[in-house]
Amino acid sequence: MSESGIIDYAVLIPLLPMLAFPVILFLGKLFNGTPTWVKNVKEGGIIALTVMGASLILALLVIKEHMHHVGTANIFTWFESSWWNSETGAITTKVFGVGIHIDHLTVMLLFVAAFLCFLINVFSIGYMNTDPINDNRNHRFYAEFVLFCSGMLGMVLADSFLWLFIFWELMGLCSYLLIGFYYERPSASYAAKKAFLTTRVGDVFLVIGLVMLWNLFDGHLDYAYVFNQENIAAVNSGELQIALGMMFIGAVGKSAQFPLHVWLPDAMEGPTPVSALIHAATMVNAGLYLVARMFPFFSGAELGALSTLAIVIACIGGITAVMAALIAFVQMDLKKVLAYSTMSQLAYIFTGLGSALWFANNGYEELAAFAMGASLFHLFNHAMAKGMLFMASGSVIHEMHHAHHEVAHHDDDHHDDHDDHFDAQSMENMGGLASRMPITATAMFVGSMSIIGIPLIGGFWSKEGIIASAWQVALKEPIFLLPALLVLIGAGMTGFYMSRMWFMTFAGKPKTEVAEHVHEQTAWIPIPLVTLTFMTLGAIILAGMHAGHWLGDFDDGHYTNFFDGVGSEMEHVFLNHDPFLMVLTYVAIGLSLVLGPSFAMALYGGSLDKGQKAKPWMQWAINLSAKINKKSKFDNSEWANSSLAESLHKRLHFDDIYDAAVMKIVVGFANLSAIFDSKFIDGAIKAIESTSQNASRRVRALTTGSARDYIMMTALGTLVIFILLWGVA
Amino acid sequence: MIDPAWVSGLAAVLFIIGLWGAFSRKNAIVVLMCIELMLNAVNLQFVAAASHWGDVTGWVYAVFAIAIAAAEVAIGLAIFLSMYGQHETISLDEVNLLKN
Amino acid sequence: MNTEVFSIDFWKAFAPETILIVGLILIFIIPNLGNSKFRIPLTKIQVPWFLGGRRFKATGSPAIPGMLATATLFTAVGMMIIETINGNMDTTTVTSGGIVILQVDNFSRFFEILFLVAVLLASMASLDRIPANTFEGKKSLEEMYDNRRQADFYILMLTTAIGMCVVALAQDMFVLFVGLELASLATYVLVGFHKESKSGAESGVKYFIVGSVASGIGLYGLSLLYLEFGSLQLSTLAANWGDASALGPIALGLVLVGFGFKISAAPFHFAAPDAYSGANSPVAGVLATASKAMGMIGLIRVLLVVALPEADSDGSAIWLYTLATLSVITMTWGNIAALGSTNPKRMLAYSSVAHAGYMMAALTAVGAWKWGNVEAPGDYAEAIVAAVLFHLFVLVAFKLGAFLVLGLLEMEGGASRLSALSGLARRDPLIGTAMFIFMLALAGVPPLAGFMSKFLVIAGIVSTSVGDLWMNGTVSFSELHWVWWLALAMFINSAISVFYYLRIGVIMFLDVPEEGRRKPLPYGASIRMAIWICLVATIILGLSGDTLIDMCYRAAESLNLA
Amino acid sequence: MDIKNKEFMLIGGLLVVVAGLMAFFPSLSDSDTAVDWISIPLVGFPIIVSCILLAFASQESRARKKIIAVPIRLFTLCASLIPLAISTALFFDWLILVDWDLMYNEFALEKEYVWIESIGVSWHVGMDGLSFPMVWLTSFLVPVTIITTWNEKDGATYHPLLLMMGGALIGVFVSLDLFLFYVFWELTLIPMFFLILKWGGKDRRYAAQKFFIYTFCASVIMLLGLITLYFLQPEGSGSQYGSVTGRTFDMTVLFSNATAYNMGDNVFLGEDMQNILFAMLMLGFLVKLPAVPFHTWLPDAHVQAPTGGSMLLAGVMLKMGAYGMLRLPIAIFPDAVVFYQDIIMAIGLISLVWGAVVCLGQTNLKRMVAYSSVSHMGVILLGIASMQPIGYAAALFMMFAHGIISPMLFAVCGAFKHHYHSMEIGSMRGMAKWSPYLAVYMMFAWMASLGLPLLAGFVAELMVLIAYWPEYGWWILLPGFVLAITAAYYLWSMQRTIFEGGDEGQPPESLNGETPPDITLSENIGMIILAIFTVIFGIFPFIALGMMDQWTVAFFEGVFNSGGI
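Protein chains in written order, with numbering that gives the first Met the number 0: chain S, 0 to 728; chain W, 0 to 99; chain X, 0 to 561; chain R, 0 to 564.
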């Protein structure tokens with residue numbers, strides 16, 4: 000059911016960046032160092048910006064066109080394959096195509112991806128091009144970046160699980176390249192490898208899941224076929240559950256969930272905040288997208304047949320949410336806090352998706368739609384907020400670097416010395432930046448609030464929805480209490496670590512000399528920050544548009560009356576007719592708004608330097624924190640030295656265990672195998688050779704050189720012939 | 000007249016003595032003599048068989064065999080001579096440069 | 000056609016052989032032409048007698064015998080080829096007093112061509128290998144020696160050729176043996192020809208002693224055969240073989256020993272490596288090809304013509320297991336021994352032992368004769384014999400070729416260590432490549448003649464083992480005759496053999512030439528020409544062996560096996 | 000070299016050419032009038048040209064050789080482009096209209112000339128969906144290899160050898176006669192042997208001999224199987240049949256015999272006969288492939304071989320094994336395939352897993368890549384064991400894709416060896432700093448080899464897994480595990496060679512402190528061509544897969560459906 004229109008051009012959305020990839024790479028290689036290339040093209044940044052802009056515009060056009068109806072387009076046949084029935088001998092040929100499929104889910108993700116990618120591009124022109132360490136290799140960054148965007152956009156637009164996977168892998172490659180951007184640094188190189196391998200483990204299962212799905216659905220992986228309810232009803236739901244479970248493992252890997260989460264924090268060690276941003280804000284959404292895509296299976300399959308998987312998804316989410324939040328408590332690196340926060344928030348979405356899938360599979364269509372909507376909305380909010388937070392953190396780090404250079408330059412002449420041990424990313428070196436970096440601080444402030452779930456701001460709406468959904472499932476299915484409880488606890492923990500981060504960075508007095516010299520410089524960085532700040536704040540508008548009911552009511556469109564929408568949404572949240580849900584809401588608000596931030600303020604709050612003043616919308620918080628901090632005298636040193644904190648510092652030992660497993664078992668086995676291969680398998684061949692050489696020596700020794708021996712052998716031979724002849728005759 | 004079987008038997012004995020001598024003696028000349036012994040056994044055999052069959056070809060064969068034996072002796076002695084020229088021995092055991 | 004000895008038809012049929020004899024006589028005479036005069040007794044009249052005295056300069060040139068021998072051989076072989084190649088040659092039988100002595104047919108002509116080609120190539124090569132020097136100037140002792148024995152050498156060569164021809168033509172076992180002895184006696188001398196060296200003399204002695212013992216045993220076997228059957232005529236023996244007493248197999252075994260030595264089958268092969276390594280390379284080449292073929296004639300005559308059961312009988316030949324065992328032992332022994340050999344000539348000798356094993360395996364398959372699934376055993380037997388003949392013929396191309404390359408190396412020193420070959424391809428790429436191709440052909444790498452021959456042999460064995468089973472449609476593996484395993488043994492053996500053949504290639508192409516061998520190879524036009532002929536034959540007979548295969552078939556057919 | 004040798008050479012060259020022509024095309028005139036696009040242009044021409052060039056070059060002095068190397072190289076390159084042009088043109092129907100949609104046992108551009116009449120050998124060539132991709136691949140790889148290894152020393156003989164190799168390889172793929180097939184099969188060994196022997200590394204003596212002997216041993220067993228098969232066929236009469244033996248080596252006759260016998264519930268030959276012959280033929284092909292445990296010749300050969308040799312060895316020569324399997328034993332003995340299905344699967348799986356695991360334990364770059372070839376060839380066996388057209392098509396595509404990717408892998412290894420004189424993984428760090436181009440190509444090739452989507456290898460691996468699952472279920476975890484291991488060893492090797500190393504990198508000690516150079520222009524061109532085609536066949540696999548799918552369908556119709564399983 001292909002139609003013409005803007006959708007015919009939708010293929011250009013991923014294609015443009017993909018084509019830009021070689022262009023930037025080669026132009027960069029050609030013109031590296033020339034003034035025009037550096038100044039005017041920003042070492043490829045402008046080219047990237049152009050194609051991303053074009054993609055964004057196209058994406059917006061597509062979104063506008065297909066807000067209300069599903070669109071598909073076939074591009075070409077990818078390959079044909081044939082199957083043989085050994086019973087009947089019939090041979091059937093399956094056609095597998097490439098195409099575009101646009102529905103509500105696509106629209107949402109497409110917007111997030113295109114929009115964020117564009118903003119990131121703007122940001123990186125400010126960030127990357129001003130750092131001398133990147134000179135002459137920025138073109139590589141932009142090339143990899145556009146390829147990454149191409150992967151993300153392609154994944155969203157793909158019309159089948161297979162193409163989803165293909166672009167998913169493309170992103171994996173780019174993430175590998177971007178994390179390892181400073182390939183000469185062992186840590187970056189290591190982190191890149193780790194990221195690729197960890198996600199690869201998930202991908203393996205994803206591929207197996209796809210293979211199973213392919214066989215279940217008779218050679219189809221395209222949404223049009225597999226989401227057909229009749230087709231779903233026709234398959235064995237037990238096998239379907241296993242296939243989807245396999246695919247879910249892939250999502251776990253990509254979205255950095257327990258137990259395949261180890262790569263994400265390391266990816267932050269990759270020294271570009273931009274790449275970190277790409278991972279945290281966009282790529283990790285791929286896993287969520289995949290799970291969200293499974294929704295029709297759950298609604299179409301036999302009642303309750305797939306609920307185990309839904310529970311598993313939610314549980315993984317719940318566990319990760321709390322685990323990541325716990326580890327985030329002790330992180331000092333600004334980006335790592337954000338990384339763990341990302342993990343934790345994604346876990347929320349998984350829990351939400353798990354509830355939605357459970358509902359869908361058990362026949363609660365309305366609730367499923369609500370949970371699904373909440374999850375996706377959280378995805379949106381989180382992407383915006385987290386994008387902003389990363390950019391802001393990048394801004395902070397960037398300026399810290401610059402300030403450090405200035406300071407170092409004043410001190411001595413080693414201004415190009417990168418080897419000193421000043422850590423520009425550590426929050427221990429910051430403090431009191433609220434007045435020195437007003438825009439950044441604001442953005443960070445709003446972003447943190449959104450993540451924490453401060454009422455009326457961005458993430459609040461969706462997070463409440465997720466928690467509510469999880470508890471509603473828990474009421475029906477007791478096992479679900481685990482994820483439900485975990486996400487509730489997690490809400491309070493989020494409040495703590497996000498506030499901790501903000502206060503450590505922006506409140507209080509500067510902890511180092513460097514922090515005193517920080518100030519905002521480039522024009523390229525604030526633009527996306529401001530844009531995203533408004534996007535985050537504006538989430539309420541989306542909430543009013545019933546974004547929370549996105550899925551179920553997609554075709555009807557509930558957003559006719561904006562204020563009614565906001566009102567009913569508020570009522571739904573704060574004055575729910577179901578008392579249980581209402582209580583739940585307030586408990587959650589209490590935890591995240593009061594408990595968590597209060598602890599953080601008590602520990603890390605403090606007023607700014609004298610004469611420094613933050614913007615008014617932040618000053619109150621700083622003041623409040625200073626007060627709480629003074630009053631409480633809360634001392635956490637005992638806890639900070641506990642063994643729990645120790646293991647939190649070591650990220651709960653996951654990395655160590657995995658490392659040990661890989662190094663000891665896999666590599667050890669591999670080395671043994673290599674030895675076995677050369678000693679025994681090849682050794683057998685060599686043994687044949689040496690044996691025959693020995694035999695040769697012995698046989699030749701019989702030729703003694705004495706004619707008498709020869710005659711004797713002749714006589715013996717005669718005898719042998721007699722024996723043989725007589726023996727037979 | 001002697002039964003040809005006896006002659007055959009003698010031939011067989013001669014042959015075996017010749018063969019035995021050929022590999023048990025070191026001296027090349029003796030070995031050559033042993034070979035002659037073998038050939039003589041052949042001659043005897045032919046003659047005996049010829050008389051057994053009453054066939055004249057057997058004698059012809061014998062004559063030819065004698066000629067062959069004579070040629071062999073001539074060539075053999077010549078070769079031994081050249082060996083002696085080089086190795087200064089006619090012991091077969093001591094002539095073993097070529098081996099393996 | 001039947002003729003008596005020395006009739007007109009006889010001379011017609013035996014024209015090539017006559018030429019050989021004439022050539023032989025000429026070599027006796029021509030170098031000795033001189034101005035000697037014979038004084039009629041009691042008078043003073045001196046009649047020019049021309050034999051002896053002061054030799055004429057033109058005829059006294061030491062180069063004459065070689066030329067003469069080569070020309071004689073060339074003429075004879077040319078006549079034979081012209082006679083045979085079109086395929087419709089007459090069979091001429093020579094009888095004397097009711098006894099069939101010789102027979103000219105496709106089979107004998109085929110072998111005669113083979114022998115003469117081999118000897119021709121060897122004598123061509125010897126023109127350079129044992130060079131004749133002019134009388135001008137001062138000569139070294141060695142050169143004087145060489146000049147002295149030019150005539151001897153070629154006389155022996157031609158004698159060998161004639162003896163071999165007699166073997167090919169013989170229809171009586173004793174005539175066959177006489178021919179064999181003629182050839183053998185000549186080769187004994189040829190092997191020990193280089194009597195100034197220790198190894199030359201030694202190899203002659205060993206070859207002579209062991210060869211004499213073997214032929215003595217063989218002759219004794221013949222006498223037993225005669226005792227048993229009262230005749231040594233092939234036709235008589237074949238006709239009466241079925242009624243043989245126990246003496247038959249005994250005699251057969253003894254005869255087998257005599258021929259086994261000639262084809263150097265284990266365990267009668269021991270003298271062969273010694274002889275080859277001590278002898279001149281061209282001579283060794285003749286031993287490894289023509290002499291072996293001569294032995295094969297004997298085996299074919301004895302085993303296939305005489306000792307095969309009648310075609311209408313049921314069952315296989317009495318010697319089947321014996322020959323199978325011997326063939327497997329021979330091929331394995333040869334290959335294993337060659338594997339570690341460090342003397343290229345000995346290596347080639349052992350490889351020729353292995354080749355003997357292959358051919359014996361083929362004959363064994365004929366011995367399977369008329370087992371349950373063979374309807375027309377003659378067809379299968381002919382295929383196998385044709386394959387063996389083909390193998391023998393192409394061996395002349397590449398085995399002799401390999402020996403000739405070694406001969407070229409001997410011209411500048413010895414060739415008794417592998418290192419003599421090192422860097423050959425660098426010193427002379429053409430000769431190096433030729434040698435490598437000979438090695439590959441020996442190993443049986445397609446598309447060379449060696450592959451084709453091995454292929455045909457194995458195909459023959461397999462075809463016998465399959466028999467007429469294909470008519471059943473569904474054939475079970477266990478239904479195949481066990482000679483199939485001989486084919487497998489052959490394949491495994493030829494796989495082993497690649498190792499040492501390839502080593503030669505590696506040495507030639509990779510190693511640095513040893514000290515004293517850095518200069519280009521000595522030139523030697525005729526030896527190079529001989530090598531070149533071998534090379535071209537190796538390639539062409541591999542690519543397109545049809546003509547030769549047809550010849551072999553006709554030869555096999557004229558055995559009238561079925 | 001003195002003048003007389005040249006005369007020999009001239010006469011010899013002439014004789015060889017004449018002999019070749021006479022031997023190969025005795026009845027060129029009385030065949031039908033259509034042009035023979037295969038015999039001379041694709042097979043004969045490269046071989047004859049290279050023979051002449053080799054004969055010519057070998058006669059020159061060392062100093063002259065250096066001078067004539069350049070024109071010979073150029074000439075070789077031009078000559079190698081001719082088969083490429085023709086095979087490409089045949090694909091796109093530029094020369095003549097070729098119908099590639101063939102039934103089983105139908106061949107396009109088929110030509111037959113009687114060669115050795117007495118035993119039924121004919122020069123019978125033709126192409127179908129199985130062989131054409133391989134033919135194209137070979138004709139494509141030869142010029143690319145020549146370009147990539149443009150600066151190889153002693154080029155006057157090196158490049159003609161590559162050309163000869165190409166001709167022989169194409170000969171293997173186009174021959175429709177068992178004898179001819181075997182002749183070319185062995186003929187490929189000889190140029191490869193010389194490539195390793197003369198341009199190889201330190202242990203080249205050992206490696207060259209091992210390579211030759213190992214594969215030769217296996218193929219003689221195969222030959223015995225072929226001969227036995229030959230005699231088990233019914234006698235017939237006709238120009239293909241031998242005048243003496245009454246049988247024929249013609250494959251098409253063999254196929255139709257087998258099909259005719261297999262019809263219904265019948266079995267071609269007896270069942271145990273089928274199984275034994277199948278095993279014998281497979282042995283030859285498995286060694287060539289190579290499958291564990293017959294694989295140990297490969298690493299040695301690869302490590303010692305020069306770059307160009309490795310590229311052709313991995314690119315095409317290994318595929319001869321897979322090609323042979325599909326062409327002969329599997330086509331002739333469908334019942335034996337069913338009998339051995341699990342064993343084939345097990346061997347494939349073992350090759351796959353073992354190859355990958357051993358890769359992880361290697362310290363030499365080229366050795367690692369060689370083992371990865373073993374691993375990838377296991378995939379082909381899995382495809383075959385799946386007994387599904389998709390699996391077979393996947394195996395074919397794997398052959399094709401690996402044929403493009405692995406030359407690039409070896410080109411990269413060769414660049415390391417050539418420029419840094421070291422292929423030890425741990426001996427250098429951060430080479431991307433010094434050789435950005437090399438680093439990019441390495442990254443690309445490595446990623447392509449580990450099965451990154453949109454590059455050629457992925458489709459094949461995916462299709463094999465798809466075909467594998469319904470037949471063997473959860474065993475799929477092992478191939479899955481291998482996907483991860485493959486990524487691990489590739490990434491690990493990159494991390495330790497081109498990455499890390501600080502700002503200045505750590506060039507290997509074998510450079511003795513010289514500045515590490517980047518790759519040369521010719522290497523650049525060669526690798527980028529390979530890279531481009533890897534992408535093209537990754538994004539548009541149907542270009543090749545369409546033909547392969549048609550072939551597999553026809554194959555299953557012809558073999559298994561009439562095989563009456």
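A virtual CB, placed ideally from N, CA and C, is assigned to each residue, including glycine.
Task: Through-space distance from residue 32 of chain X to residue 46 of chain X, alpha-carbon basis - done: 14 Å
TODO: Would you mind telling me which residues of chain X sit closer than 7 Å to residue 285 of chain R, beta carbon to beta carbon, in chain order?
DONE: Residues of chain X passing the Cβ test: none, with the nearest at roughly 16 Å.
Task: chain R contact for residue 456 of chain S (CB, 8 Å cutoff) - done: no
- [ ] Could you list the residues in the segment 479 to 498 of chain X with a C-beta less than 9 Å from some C-beta on chain R, going in chain order?
- [x] 479, 483, 486, 487, 489, 490, 491, 493, 494, 495, 497, 498
- [ ] Please classify residue 743 of chain S: does DSSP put it in a helix, a strand, or coil?
- [x] Nothing can be reported for residue 743 of chain S: it is not among the residues displayed for chain S, which extend from 0 to 728.
Task: Own chain, CB closer than 7 Å to residue 403 of chain S, minus 5 neighbours either side, in chain order - done: If you ignore the 5 residues before and after residue 403 of chain S, its C-beta comes within less than 7 Å of the C-beta of 421, 423, 513, all in its own chain and listed in chain order.
- [ ] Could you tell me if residue 440 of chain R is buried or exposed, where buried requires 16 or more neighbouring beta carbons within 10 angstroms of its beta carbon?
- [x] buried
Task: Rounded distance between the beta-carbons of residue 317 of chain R and residue 250 of chain R, thought under 8 Å - done: By a beta-carbon distance limit of 8 Å, residue 250 of chain R does not contact residue 317 of chain R. Their separation comes to about 22 Å.
Task: Residues of the segment 435 to 449 of chain S whose Cβ lies closer than 9 Å to any Cβ of chain R, in chain order - done: none
- [ ] Have a look at the DSSP bridge pairing and note the partners of residue 545 of chain X.
- [x] DSSP output for residue 545 of chain X lists no bridge partner at all.
- [ ] Would you check if the distance between the CB atom of residue 392 of chain R and the CB atom of residue 462 of chain R is smaller than 8 Å?
- [x] yes
Task: residue 114 of chain R in three-state terms, based on DSSP - done: strand
Task: Range covered by the alpha helix (DSSP H) that runs through residue 239 of chain S - done: Run containing residue 239 of chain S: 236 to 253, per the alpha helix (DSSP H) assignment.
TODO: Could you tell me if residue 649 of chain S is buried or exposed, where buried requires 16 or more neighbouring beta carbons within 10 angstroms of its beta carbon?
DONE: exposed
TODO: Check whether the segment 186 to 194 of chain X touches the segment 275 to 289 of chain X, taking contact to mean three or more Cβ pairs, one atom from each stretch, closer than 8 Å.
DONE: yes
Open item on the list: Just to confirm before moving on: does the CB-CB distance between residue 359 of chain X and residue 492 of chain X stay below 8 Å?
Closed with: no
- [ ] Measure from the C-beta of residue 339 of chain X to each C-beta in chain S and report whether the shortest distance is under 8 Å.
- [x] True, the Cβ-Cβ gap to chain S drops below 8 Å.
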